[in-house]
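Protein chains in written order, with my numbering: chain A, 26 to 365; chain B, 26 to 365; chain C, 64 to 677; chain D, 64 to 677. Glycine included, every Cβ here is placed at the ideal spot set by N, Cα and C. None of these values were measured; they are calculated from a predicted model. Since the structure comes first, as structure tokens, the remarks are kept for the end.
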Amino acid sequence: MAEQQTIQYTQKDFKSDQEVRWCPGCGDHAVLNAVQRALPELGIPKEKFAFISGIGCSSRFPYYMDTYGFHGIHGRAAAVASGVKTANPELSVWDITGDGDALAIGGNHFIHAIRRNIDINIILFNNEIYGLTKGQYSPTSGKGLVTKTSPFGTVEEPFSVGELVIGAKGKFFARTVDSNIALSIQIYIEAAKHKGTSVVEVLQNCVIFNDGIHDVVTGKEVRDDRTIILKHGEPMKFGKENNMGLVLDGLKLKVVTIGENGIAEKNLLVHDASEPNPGIQYMLANMRYPEYPVALGVIRSVAGNTYEADVQEQIKSVQKDSKIKCMDDLLLSGSIWKVE
Amino acid sequence: MAEQQTIQYTQKDFKSDQEVRWCPGCGDHAVLNAVQRALPELGIPKEKFAFISGIGCSSRFPYYMDTYGFHGIHGRAAAVASGVKTANPELSVWDITGDGDALAIGGNHFIHAIRRNIDINIILFNNEIYGLTKGQYSPTSGKGLVTKTSPFGTVEEPFSVGELVIGAKGKFFARTVDSNIALSIQIYIEAAKHKGTSVVEVLQNCVIFNDGIHDVVTGKEVRDDRTIILKHGEPMKFGKENNMGLVLDGLKLKVVTIGENGIAEKNLLVHDASEPNPGIQYMLANMRYPEYPVALGVIRSVAGNTYEADVQEQIKSVQKDSKIKCMDDLLLSGSIWKVE
Amino acid sequence: MAKNSQVIEREEVVIRFSGDSGDGMQLTGTLFSDTAALFGNDLSTFPDYPAEIRAPQGTVGGVSGFQVHLGHSEINTPGDYSDVLVAMNPAAVKANVKWVKPGGTIIFDKDNFTDKNIEKAGYKSDPVVEEKLDNYNVIAAPISSMVKEALKDIGLDPKSILRTKNMFALGMVYWLFDRRLKYTEQYFDKKFAKKPEIAEANKIALRAGYYYAETIEALNPVIKIEPAQIAKGTYRNICGNIATAWGLLAAAEKAGLKLFIGSYPITPATGILEEMAARKDLGVKSFQAEDEIAGICTALGASFSGNLAVTSTSGPGLALKSEAIGLAVMAELPIVIVNVQRGGPSTGLPTKTEQSDLMQALYGRSGECPVVVIAASTPSDCFHFAYEAAKIALEHMTPVLLLTDGYLANGSEPWKIPKMKDLPEIKPPFADKTKIPFLPYARDCETLVRSWAIPGTPGLEHRIGGLEKTLKGTVSYIPENHEQMVKLRADKVAKVADKIPDLTVYGEESGDLLLVGWGGSRGYLMTAVRELQAEGYKVSLANFNYINPFPKNVNEVFRKFKKIVVAELNLGQFADYLRMKYQEFNYEQVNKVQGLPFTIKEIKEKCIKILEGK
Amino acid sequence: MAKNSQVIEREEVVIRFSGDSGDGMQLTGTLFSDTAALFGNDLSTFPDYPAEIRAPQGTVGGVSGFQVHLGHSEINTPGDYSDVLVAMNPAAVKANVKWVKPGGTIIFDKDNFTDKNIEKAGYKSDPVVEEKLDNYNVIAAPISSMVKEALKDIGLDPKSILRTKNMFALGMVYWLFDRRLKYTEQYFDKKFAKKPEIAEANKIALRAGYYYAETIEALNPVIKIEPAQIAKGTYRNICGNIATAWGLLAAAEKAGLKLFIGSYPITPATGILEEMAARKDLGVKSFQAEDEIAGICTALGASFSGNLAVTSTSGPGLALKSEAIGLAVMAELPIVIVNVQRGGPSTGLPTKTEQSDLMQALYGRSGECPVVVIAASTPSDCFHFAYEAAKIALEHMTPVLLLTDGYLANGSEPWKIPKMKDLPEIKPPFADKTKIPFLPYARDCETLVRSWAIPGTPGLEHRIGGLEKTLKGTVSYIPENHEQMVKLRADKVAKVADKIPDLTVYGEESGDLLLVGWGGSRGYLMTAVRELQAEGYKVSLANFNYINPFPKNVNEVFRKFKKIVVAELNLGQFADYLRMKYQEFNYEQVNKVQGLPFTIKEIKEKCIKILEGK
Ligand SMILES: Cc1ncc(C[n+]2csc(CCOP(=O)(O)OP(=O)(O)O)c2C)c(N)n1
Ligand SMILES: Cc1ncc(C[n+]2csc(CCOP(=O)(O)OP(=O)(O)O)c2C)c(N)n1
Ligand code: SF4
Ligand code: SF4
Ligand SMILES: [Mg+2]
Ligand SMILES: [Mg+2]
């Protein structure tokens, strides 16, 4: 990614002249808003951004960004983005994708990009439905969901995004909610700054085909009690009264109330996003309502080599030692003979 | 899967008349041997077995089995097998695949079969190389491995099979070594009996393109000290002298010696393969030499609904209530009118 | 309801309902069609959804339309130009006015023509002026205010009240075409059984519209279209996707097999998977796969296991299935691959129609890899050709690719419901359980078809796969074996020609010009040919449904005409294919690649030009 | 070394080294070829590996061969039948004897003809009897015992000693063809610099074989092949896969771009990726993708980013890339897709050659989706056509599909090394940084090529993608826009014809028969035509390298011949394609689908038959 620059952008600089065509009320609008507000904070020249997407409602995103953009084919955003970043490591590369795009047809590219730890920022719009094709279940749809292709309810267990990311050797995983713009901005900035594949799962609402699917957790009335915003180095505290917390009970997480059963704030777990061993982060990413609050924020952020940097470095080191510096050298290398 | 039957088979009954064409010394021979010895133990009629594979050295397997067999295309074994099992849940379906077949081109079908928990038995021959195409690195090749496509060493982090399986909601994961026939037989039997997707990772030696890659762990001299065979309900003990073990140290596993520092056998962790929360199993699957012994045996085996059974059940329940019993009913359902 | 108005009779008429996505135009059109069908008209309909993302309300991009063509005689297309346009807002006018016949009727909701809406639609001033609507019979009805008025006492919230606007408009149209309200009222009673106040509101709005139309002068005269001469029988409306699904289901039942479908959603093919998913009552196993590759691969697994296996998709998805179709060819397993064509290449115009996947269907695979290719030509005959596709796949142990398109998939027409007992038998070549060992690639000497041994059958254990094989199923690199197998696979597909009907000619068997088409353009071509014939031209039509192999009589048909003109919605793929297969003829072309069906006018013009030698 | 033997001169000769996979035949053949090349012979070689899985030792399936054809004049193929066969074991005899010319020389290791080995090879008795080898000049040398004897004092283990058997055989062949040992000895010194005892052992074995041949009568007379009349210059041997990789590298350097390759290993294309991976010295970014789809998609990303983007594969892999090629067409991004054809369909015969992916290359995508298609025709001209493919892709902003095949990929021949400065310029249409805003689909009026704005360039921010677009890159569903864009994309590709050379004719410009071929069969067809011409037939050859678009003079070339015969390694795909494009001619066909190249004999026979009107 590029060096810090001094140009000062505003949200407006990242708006393209194209009409935004998502349904009124779709969560995608808020994500666009948050991203357009996060980018100016990065100090990266505008021309260094590339937004790559697959196909889906969410994948229309690049058209609305006044940056370089490539709206690809369904499921392949992670592959295209990997090519963009490897070819030009100077770019800040964003992969915009949906739960179908990334986890159904694109599942393989998704896990391989993560494994390679290519420095791209994946924003996964998880509305637990195929929006663009008008409402079929996706690999994140909860078991039993009635959709156009599951009129009697699905019989499939959904992926948990964080679990899959960590299972694929993921080093950065965060979760946010479309409507929480402030948290989202912060997370996008952290994702951008993290070197390596960053995956941000956005709990996004599709007003048309899966309206309110996240409400049980993210609804205005309940969200404080049913979500926890994790911050690196801070105790795991949540709740309307900010008096709930997480502790470790044997090998499991447990929700506790501060002040009850002798629990004080200092007994709470302190979030360590940078711990390489994913044990606790794994459990945090997997917390489900009603047993637990759903974790938001940066759950895992661990440093590691990136693919594109290692490639660059290997090229450099080979070039230093090699006698072949250009094509003519190569053509004349090895066994050759002259005819006179 | 079929009911227990009384027919008594021997290994020979499962040998087809085709000449086995793997390289002399290839670990695949041993796997074939172990599978052919495991099947008679299952009491399933021979005609109920279907062996499905992709492409790779290992994927030639079905030709050597005197059962129904389908040698498919590269990477798609899990999808083909899913179709076979869903279409006919009576069959005992085996998916024979390599590290490239299952985890490179076939990664998506692999994780989705696991997520759905279709009752197929996946034997993944992990030789950490593409054998059939003569020696390129695979998604399980260790970082730095020099191969034909990584003449200066790979720069990619490999998948850990168990981690990916669990990350994809896997409910059964076991690991064995090609040469350990006795252990392998036992594991194949357990995999077959488990209802749901069973993944067995076989540490397999490719004598030609990656010879000895597992030796540091599985070599005759060292294996007792560098592997641990996990057994459900038994303490985690290993070592030539059988005096080493595993305990939990905070949130991490630790290797201990019985008799040292006051450790007795009763202090060792007891293996629970059936615990749904994968926390410890995840750590066990991820143990790497030299820090830890590599875990063999059934690491995770958790009961759960299977896809094909749920599909069957949903059909049954819909059929019970529906007025449409046959095509003529359907054709005449809804809005119709007569022209006389 | 007494009528005191002037009445004229018409042979056929085209009506287009259009409005914002949220205005309920699809339902309005459907109710109108059902009423017309019950009355006995022949008809053809086509919904025209906005492109995949919901455009902002009130914009042209967000207009949703539904066109109905009904008549006293045979109707083959939803019609080019409409006689009546219902436009709920200015954007609907903007989007559709060019498709209204000169002098046609345009009904719009005056209340919706606010400055804001006019601007949103992209007009600078009053659309009536800008579009020169004085050339049309314009009825600017204050629909919104009238439903508000009519429903003011019913106790509904304003939003729900406004939602009945479409029924007011429908009422007007019913009056215009002298239709009964009964069917529609019954529909409300059933649909809103649990919300009687909504049912009532809709009924009131419907009647209000009807009476309003009766009251005002503008809608005179009433148009009457007598019932068509339709064969006796029981009928229903059916669209192409449902007909396709049902044809396959019928084949499975006939063959005594379970149906398995492995598919991944994609516009405009998703409807097939959705219908199959709903058919658990018939025991369908619908597998929504993680991608198109898994779609076909799970289906191949199911085929290996003895199911009637199906996978459905559209262009880009077919591309992804290419490799696995190769495996199906090599393994000689029955499978039906349905490809609902849409505008390409790449993501292209996903919601639009085109016929540009023909070459891909024929040749989009590595190696010598022949499959049977069939194309349906009307929404309802998708049933027939889907049934045929399954029958051929099962009886010839081969993949069959069935081509439909977005226009057939979503379009609908009345369909005489067949009886299962009247459909032809389907007899898959199951392996003889007594012939052991089973040789997977041993063939019937006549049809060259191998037999099908289903896993679970004792004694027939065998192995198949994608490598070249001998008779026995053993992998073989023997050069002569490979050549022989390549030819056998080609011949096996070619021999399907023995089982398919001859190419038929619509019109005289010889003449000046043979219009040639394939698949879904048939309705348009037929109407054009009929009109040309009526005008005295010696023109006939041959529309292909069997594309590989061809019927045996093609040469015989072609050589009786002076000119051959191939019309298709692409740059000339079928024409090129004919050049390969029947090099002896000269082919002229009519092509269109606009995501739209042909219009009858453009076909006629082109034919006349060619006939006149220009 | 003094020669005291009888010497005869020959124009050309074919030698085949064959033995078990472990016998080192590939090295033996390569060393012999290099020596011949250094001597100045023209030559062509072809390795013939066993099928992908190693068969058990000693079986026919496990035989590995290497054929060299060398001559005093131009050599175009590795030859049909061999003059000399070296067979290290009975299986090698079994596999190859039918390819030895009657009366040819067969050298074998007598020590290896044990009962067990004879049985393993599938013989029931002595192969000499069973194969009637008395019709050949058989030299049954006790090679194993002689190397044991020769190396008994050197202190090596028996296994290492036996491993020099191939060098003993090579020594015999050197003597037979009057070659020097020097080059080979130098090779040992270099290769085994750290193991001088191994170098020494090989040298001793080599000399022992040489002297042995000199000693025995059987090998008389010595065959001399004078150096060929070869253009002055610096030469090397090169195989098709390396030449392909290098051609692309040269193009990148010339265009001033970095090269990115995204590929997934697949036989027989893997060599290209492997060579690219080794070319870190030239800054290549080789991305071994998780599958073929990721291969092309990463390459498309790299192309979007301004690299020369390449993806390489073989048939089934090309099928998987179909959808993404559609995206490349729609996005109008430059990319070279190399398809090394192998035996199909499906997994087919992966290690064998065929020309059956032509139709897939031309049409294997949804929608109207034209790409440039080019085919190379010799191992070394893969360099030229890869360079051309990259030049066209970059200068015309289009995907270019380069077809080679298993035979070209692995075959090798001497190649006059070009100088970079002599290669034509490559000038990609980079966007003008001062023209803001950048319109991605604005075109050069002449070539219809859009310009290329590289991410990172200030002011040129823009969006592209797979949906239909306007000039500006805005998504558009406007019917007329779509039709116009479909035609523009087709015309852009068609206009590449302005830049490519005319089709050339080998032989007279008119005559009785024009043999037509494409791609990799050129050597065989040319040799056949040359021989026919020598026999007095009026036969010429036109071999196509540019397939879409065609050179402009095809009609002009074709019409000067009485008959046109299309020869290809498939069931007639190019012939069919010609029927579409040049319907005016009649095409006869010569086809072969055996995983093998043509033999000159079969082409000649077929041509003569056609000439004689049978
Ligand atoms: C190859 C291919 N298969 C299928 C489709 C159809 N399709 C487009 S988007 C989509 C799924 C969209 O779901 P998701 O990724 O969750 O995005 P959302 O619309 O919900 O934002 C599908 C199935 C396609 N365009 N291309
Ligand atoms: C579509 C396709 N791509 C690539 C290949 C080439 N190919 C065959 S097997 C294989 C990898 C084999 O590796 P693995 O799965 O680990 O099996 P192994 O041979 O090591 O047992 C590859 C790349 C192919 N046959 N088909
Ligand atoms: S369909 Fe759903 S996801 Fe798509 S734009 Fe509309 S609300 Fe958003
Ligand atoms: S190449 Fe390797 S994996 Fe393949 S058969 Fe030989 S030893 Fe086994
Ligand atoms: Mg979604
Ligand atoms: Mg492997």
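Residues sharing a beta bridge with residue i, DSSP
i, result
"residue 81 of chain C", "C:128, C:150"
"residue 363 of chain B", "C:297"
"residue 506 of chain C", "C:513"
"residue 372 of chain C", "C:323"
"residue 526 of chain D", "A:94"
Backbone secondary structure at residue i - three-state DSSP
i, result
"residue 175 of chain A", "strand"
"residue 657 of chain C", "coil"
"residue 600 of chain D", "coil"
"residue 423 of chain D", "helix"
"residue 194 of chain A", "coil"
"residue 200 of chain B", "strand"
"residue 66 of chain D", "Low per-residue confidence applies at residue 66 of chain D: pLDDT is 47, beneath 50, and the placement is therefore not dependable, though the value from the model is reported in the following sentence. Here residue 66 of chain D sits in coil by DSSP."
"residue 674 of chain C", "helix"
"residue 312 of chain B", "coil"
"residue 609 of chain C", "strand"
"residue 662 of chain D", "coil"
"residue 325 of chain B", "strand"
Interface residues of chain A facing residue i [CB-CB closer than 7 Å]
i, result
"residue 270 of chain B", "Under the 7 Å cutoff, chain A gives no residues; its nearest Cβ is about 18 Å from residue 270 of chain B."
"residue 354 of chain C", "100, 129, 130"
Within chain A, the residues that residue i reaches when beta carbons sit closer than 9 Å
i, result
"residue 101 of chain D", "360, 362"
Chain-ordered chain D contacts of residue i [CB-CB under 7 Å]
i, result
"residue 545 of chain C", "406, 412, 656, 657, 658"
Pick from the options that is closest to residue i, judged by C-alpha positions
i, options, result
"residue 220 of chain D", "D:188, D:204, D:264", "D:264"
"residue 176 of chain B", "A:364, A:336, A:355", "A:336"
9 Å Cβ cut-off: residues of chain C touching residue i
i, result
"residue 349 of chain B", "342, 344, 345"
Within chain D, partners of residue i - CB distance below 8 Å
i, result
"residue 87 of chain A", "526, 528"
Within chain A, the residues that residue i reaches when beta carbons sit closer than 8 Å
i, result
"residue 164 of chain B", "137, 140"
Worksheet item: Listed from N- to C-terminal order along the chain, which residues in the stretch 132-145 of chain B have their beta-carbon within a distance smaller than 8 Å of any beta-carbon of chain A?
Response: Within the stretch 132-145 of chain B, 132, 133, 136, 137, 140, 141, 142 place their CB atoms closer than 8 Å to a CB of chain A, listed in sequence order.
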